[in-house]
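In this note's numbering, the protein residues as written are 59 to 418. Beta carbons: idealized from backbone N, C-alpha and C, even for Gly. Have a look at the structure below before the remarks.
The structure is reproduced here in structure tokens:
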């Protein structure tokens with residue numbers, strides 16, 4: 059099972075993802091200008107695209123700049139994601155008035171379906187690759203003995219080392235596949251949730267969303283205490299994600315001779331998102347009910363499928379009980395945010411890296 063399989067309501071509850079896409083629009087335009095004209099076609103691949111408007115906005119700046127520079131040129135936009143993505147909704151958006159292909163016969167839209175840890179495009183064919191809020195998901199579900207902890211940033215000891223090695227290998231594998239697909243002089247832009255140094259935090263890092271995952275741990279433990287979730291299952295459950303520091307992002311480029319030869323590091327940063335970085339939903343905090351509802355929707359969008367398959371289903375004998383567990387869990391999470399509000403706020407740091415494919 060893929061770690062992101064079955065995500066729900068993602069387009070409606072993708073505030074942070076859309077913010078990341080909008081933040082990088084200017085950088086994408088600059089990269090397209092640097093690349094220049096490509097024959098026979100300028101191919102853009104958006105890896106881990108998702109189903110909604112953020113997938114359109116991720117490629118729209120590149121399309122607009124290239125169209126302006128070369129009105130007669132051919133453009134191919136390839137949306138790359140898992141089979142469970144809502145492809146019908148996405149392709150409908152590409153052709154809508156706000157889409158990038160509306161009325162332009164020189165633009166061809168494609169889909170590449172699979173895992174971005176594998177090959178998603180033909181060798182040397184991609185002029186510009188983008189990946190937004192996706193590469194922090196690992197290549198597969200993870201089971202690590204970690205009582206009291208369900209996410210990477212609070213792991214310690216052997217559990218931390220095991221998770222870190224999985225993340226390191228996955229990131230290197232992601233870059234290896236992109237090195238195969240990018241044409242010489244092409245660019246890869248990856249923007250995802252990141253982590254920064256903070257001495258008083260576990261492992262000395264503060265990771266995006268730390269409040270959310272600690273709230274999830276609290277609710278999960280309460281349900282285990284109430285014998286609604288199996289304690290042994292919970293003790294071995296960890297979300298399959300890793301929010302990288304700048305050092306994590308750069309490590310394979312320094313230590314893998316193939317990758318260090320394949321890529322030039324153009325830009326690397328981990329920093330606070332502009333605006334409400336201390337709380338993505340701060341605009342709603344004055345109304346605790348509305349605030350809690352936004353958190354429920356956002357968390358359910360990315361976490362429900364993982365919780366159902368790795369925590370709820372193994373805890374019950376009758377699969378029909380899973381829906382009730384799902385509702386109970388998110389009812390409790392919403393109540394927690396209604397009562398505690400910003401105590402478990404979604405803090406947001408983006409890790410952004412831009413790599414140029416060298417000529418070999």
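Per DSSP, what are the beta-bridge partners of residue i in this structure?
i, result
"residue 91", "Its beta-bridge partners do not exist; DSSP assigns none."
"residue 330", "407"
"residue 413", "246 and 323"
"residue 201", "295"
"residue 370", "Paired residue(s): none; residue 370 is not in a bridge."
"residue 195", "299"
"residue 186", "102 and 245"
With a Cβ-Cβ cutoff of 7 Å, do residue i and residue j count as a contact?
i, j, result
"residue 163", "residue 291", "no"
"residue 185", "residue 93", "yes"
"residue 230", "residue 310", "yes"
"residue 349", "residue 360", "no"
"residue 116", "residue 79", "yes"
"residue 193", "residue 232", "yes"
"residue 408", "residue 340", "no"
"residue 400", "residue 337", "yes"
"residue 157", "residue 114", "yes"
"residue 247", "residue 152", "no"
"residue 335", "residue 406", "yes"
"residue 402", "residue 269", "yes"
"residue 112", "residue 77", "no"
"residue 196", "residue 224", "yes"
"residue 433", "residue 380", "The chain is shown only over 59 to 418; residue 433 falls outside these bounds and no answer can be derived."
Report all residues from its chain with a CB closer than 6 Å to the CB of residue i; omit the five preceding and five following residues, and keep chain order.
i, result
"residue 327", "410"
"residue 171", "141"
"residue 415", "240, 242 and 244"
"residue 135", "102, 117 and 167"
"residue 264", "254 and 256"
"residue 60", "Any reading at residue 60 needs caution, since the residue's pLDDT is 43, under 50, leaving its predicted position unreliable; the model's value is listed next. Contacts found: 140."
"residue 317", "233, 310 and 311"
"residue 177", "235"
"residue 417", "242"
Just reading off the alpha helix (DSSP H) that residue i is part of, what are its end residues?
i, result
"residue 287", "It is not in any alpha helix (DSSP H) - residue 287 carries neither H nor E in the DSSP assignment."
"residue 212", "Run containing residue 212: none; DSSP gives neither H nor E here."
"residue 339", "First-last for residue 339: undefined, no H or E at that position."
"residue 402", "No alpha helix (DSSP H) contains residue 402, which DSSP labels as neither H nor E."
"residue 314", "It is not in any alpha helix (DSSP H) - residue 314 carries neither H nor E in the DSSP assignment."
"residue 348", "346 to 365"
"residue 122", "111 to 127"
Quick one: what's got a C-beta closer than 8 Å to residue i's C-beta in the same chain, skipping five residues either side?
i, result
"residue 221", "200, 202, 210, 213, 296 and 300"
"residue 208", "271, 274, 275, 278, 292, 295, 296 and 297"
"residue 66", "Only weak support exists for where residue 66 lies, its pLDDT of 45 falling under 50; the value from the coordinates is given anyway. Answer for residue 66: 358, 359, 362 and 363, listed in chain order."
"residue 286", "373, 383 and 386"
"residue 325", "85, 410, 411 and 412"
Can you tell me where the beta strand (DSSP E) with residue i in it begins and where it stops?
i, result
"residue 384", "Not the beta strand (DSSP E): residue 384 falls in the alpha helix (DSSP H), residues 380 to 398."
"residue 100", "100 to 105"
Give me, in chain order, the residues of the same chain whose beta-carbon lies closer than 7 Å to that of residue i; leave out the 5 immediate sequence neighbours on both sides.
i, result
"residue 144", "109"
"residue 63", "Note that residue 63 scores a pLDDT of 42, beneath 50, so its modelled location is shaky and nothing firm can be said."
"residue 218", "261"
"residue 123", "87, 90 and 91"
Between residue i and chain B, is there a C-beta pair that is closer than 7 Å?
i, result
"residue 112", "Protein chains in the displayed structure number just one, and chain B is not present."
### Task
Kindly provide the ranges of any alpha helix (DSSP H) runs that are 4 or more residues long and lie completely inside the segment 130 to 183, ordered along the chain.
145 to 153
### Query
For the segment 236 to 309, which segments carrying the beta strand (DSSP E) assignment without a break, of at least 3 residues, lie completely within its bounds, in sequence order?
Listed in chain order, the complete beta strand (DSSP E) runs (minimum 3 residues) inside the segment 236 to 309 are 240 to 251, 253 to 255 and 263 to 265.
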